[in-house]
Every structure is written in C-alpha cells, then in structure tokens.
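Input: a single structure, listed below in structure tokens.
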Amino acid sequence: MIYIYLGEDDFSKKEEIKSLKEKESAEVVSFFDCTPQMIQQAALENTLFGGKKIICIYEYFSKGFDSGILEVMKNSSHTVIFLEEKLDKRKTETKKILSDKNVKVLEFHIPEAAEFTSWVKKQAKKYDLKLSAKAEELFLKRLGASLNNSGYQTPLYDLWQTDSELRKLKVFAGEESVSEKDILDLVSENTDDDIFKITNAIGEKDKGAATRYLVEYMDKYAGGDEKSKVIGLSGLLAEQFRNILIFQKFLAQKLSDKEISALTGYAPGRVFIYKKLASRFSEQKVLEILRKIELLDLEVKTSQGPAALQFFMIIDSAMK
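All residue numbers for the sequence shown refer to the numbering used here, where the first residue is 87 and numbers rise by one.
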C-alpha cells in the first residue's frame with residue numbers, strides 16, 4: 087500500500103505510523119534525504135527474516151523528484167509512506183500523484199477550537215486520565231488554546247507539548263481525578279498569546295491597543311512591585327524582538343517553514359506568527375528597540391526613577 091501524508095501535524099503522522107507498525111508487526115525504515123534509487127532498493131528488497139517494512143520517505147516530492155517512483159512502489163510488498171507538509175496542487179505532476187488510485191492520501195492538520203478540545207479528550211481517554219469539565223477547561227486555558235485573540239488564527243500550542251502535559255498529569259495523578267489545583271501546579275501557563283498581541287500592536291503602531299495590552303499583562307501576570315513588573319515584561323519583549331531579528335535573517339535567506347521549524351524547534355503556528363511580525367519591522371527599528379530596552383533595564387535596576395513611565399515612553403518611541 088502507498089500512502090501520502092500531507093499537513094503540518096507531525097505528531098499525528100507519527101501516531102498513525104506507530105499504529106500501522108503495531109497492526110502490521112512491521113519494521114519502520116525512514117529516509118530523510120535520499121535518491122529514487124535508494125528508495126527503490128529499500129522497497130523491493132526483503133527484510134532479513136522476510137517480514138514487512140513500513141518505508142517512511144520525508145519531503146521527497148518537494149525536493150523535485152517526479153512521480154515515476156510510484157510505479158516501482160506498486161510492486162513492493164511493503165507499506166510505503168511519503169510524508170510531505172504540502173504539495174503544489176496546481177502542478178500537473180501533483181495532480182497526477184493525487185489522482186493515482188493506488189495511492190491513499192491522508193491530511194493531517196493541527197486541530198483548532200472545538201476540534202482541539204475533542205483531541206484533548208481523546209488523548210486523556212487513551213491514557214485513562216480523569217479530567218473533570220472544570221479541570222479540562224483550565225488545562226486548555228493554560229495551554230493558550232482559549233486565548234487566541236491576537237488576530238492570527240494559527241494555534242500557538244503544539245500537540246507534542248499538549249501530549250507531554252497530559253502524560254505528566256497521568257504520572258502524577260495515577261488512578262485519581264485531576265483537580266484544578268493539579269493543573270495550576272503542574273501545567274505551565276502559555277503567555278505567548280499576550281506577548282504576541284503586544285508586539286503585534288507595536289508593529290501596527292496602534293498606541294491605544296499596545297498600552298491596553300501592556301497594562302492588562304502587567305496586572306495579570308507580573309507580580310511584585312512596579313520595578314519588578316517592568317523588568318520582567320521588558321525581558322520578555324527583548325526576547326520577542328531578538329526572535330523577530332532572527333526571523334528577518336531567515337526570511338532574507340529564503341528558508342522554508344520546514345527548515346525554520348527544524349532550526350528553531352518551533353511549531354508551525356509560532357513560525358507563521360514570527361514571520362508576520364518580522365515583516366512589520368525594519369531591521370534598524372528592531373535593533374533600536376532592543377538597544378532602548380537594554381538601556382531601560384540598566385536604568386531601572388540602578389535608579390529610583392519611575393520605571394513604568396520610562397517603559398511606556400520606550401514603547402511609544404517604538405511606534406514612531
């Protein structure tokens with residue numbers, strides 16, 4: 087059987103391969119950078135003890151290889167899976183691949199909104215993890231799934247992280263039900279959505295929105311006195327603008343989303359948002375903001391001046 091797995095959801099692709107492996111009692115063989123000849127040899131040769139193989143071929147067609155390899159694969163006794171993030175469906179070659187009746191195409195996209203909630207329920211059931219309705223709601227909120235109000239529709243969480251958090255809760259709770267306190271104690275809060283909202287407002291030069299989001303963030307997350315709040319938030323924004331600077335370099339090098347994900351370890355949603363933010367600032371402006379934040383940090387730590395006022399003056403200058 088020949089499969090093509092499309093989409094950015096690498097977690098579910100791996101789960102599907104694992105399921106096939108167990109179902110067929112097969113050995114998994116992966117190719118990340120290979121020639122058609124190497125794949126042809128793997129597809130036609132038998133294993134040492136005559137067992138079946140699942141041959142996983144990553145980003146084959148996106149590298150420009152034609153669909154002729156499919157004819158060879160039809161004669162294989164093994165299961166062959168091509169894993170691609172996307173294919174250009176406008177191309178004649180792609181249309182030929184997708185219309186082949188001997189090829190089964192499956193789409194894997196990161197679930198959002200209600201679909202993500204259903205996915206979490208399914209994974210919790212898989213691990214026999216007992217989550218009350220309130221605990222589940224808080225779990226989703228901690229991941230940032232219910233806070234995606236930054237103007238971008240791509241989720242900031244990823245399924246690898248979510249699955250890891252669920253397994254961590256299972257180890258802690260065992261056969262007991264997970265409480266809201268357990269969620270607060272064990273699941274780290276995803277504040278990225280709030281930071282992205284602030285940065286996005288700065289990029290759009292929307293002073294009203296930037297001020298509102300900054301005040302809301304400082305009231306909601308940063309604890310302690312005013313100076314501590316400013317130091318904490320300026321550190322987060324500095325990290326944000328350093329990432330924007332890095333992404334500007336990536337865009338200048340014309341790296342693909344897949345290459346950027348491999349270099350940074352970021353999920354597709356995070357890559358998408360940083361690319362958007364990188365396009366809204368000039369490199370000179372980013373360097374200027376970083377320099378001002380650095381000076382602010384030094385000033386706040388060594389003087390008794392009005393930290394919040396200085397901070398908001400810097401944010402105001404960033405939007406000019």
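Think of the CB as a built atom: it goes at the ideal place given N, C-alpha and C, for glycine as much as any other residue.
Owing to the predicted nature of the structure, the values given are computational and were not obtained by experimental measurement.
query	result
Cβ-Cβ separation, Phe147 to Leu173 (assumed contact under 8 Å), whole Å	6 Å
Proximal residues to Glu145 (C-beta, below 8 Å), its chain only, five neighbours per side dropped	Phe118, Leu169, Glu170, Glu171 and Lys344
Reduced DSSP category for Phe398 - H, G, I as helix; E, B as strand; rest coil	helix
Beta-carbon spacing of Ile143, Ile167 below 9 Å	yes
Separation of Lys181 from Leu270, as counted between CA atoms	49 Å
Counted within 10 angstroms of its Cβ, other Cβ atoms place Trp205 as buried (16 or more) or exposed	buried
Met87 versus Gln209: straight-line alpha-carbon distance, rounded	28 Å
Bounding residues of the alpha helix (DSSP H) (the contiguous stretch that carries Lys182)	Thr178 to Leu184
Beta-carbon contacts of Lys254 that lie in its chain and below 7 Å, excluding the five residues immediately before and after	Leu272
4-residue-minimum alpha helix (DSSP H) runs that sit fully inside the stretch 346 to 382, ordered along the chain	354 to 364
Any 3 or more C-beta pairs closer than 8 Å across the stretch 325 to 338 and the stretch 363 to 371	yes
Cross-strand partners of Ser116 (DSSP beta bridge)	Cys142
Phe282 burial status per 10 Å Cβ neighbour count (16 or more: buried)	buried
Range of the contiguous alpha helix (DSSP H) that encloses Glu223	Ala219 to Leu229
Extent of the continuous alpha helix (DSSP H) to which Leu322 belongs	Glu312 to Ala338
Beta-carbon proximity check, Thr285 vs Ile346, cutoff 9 Å	no
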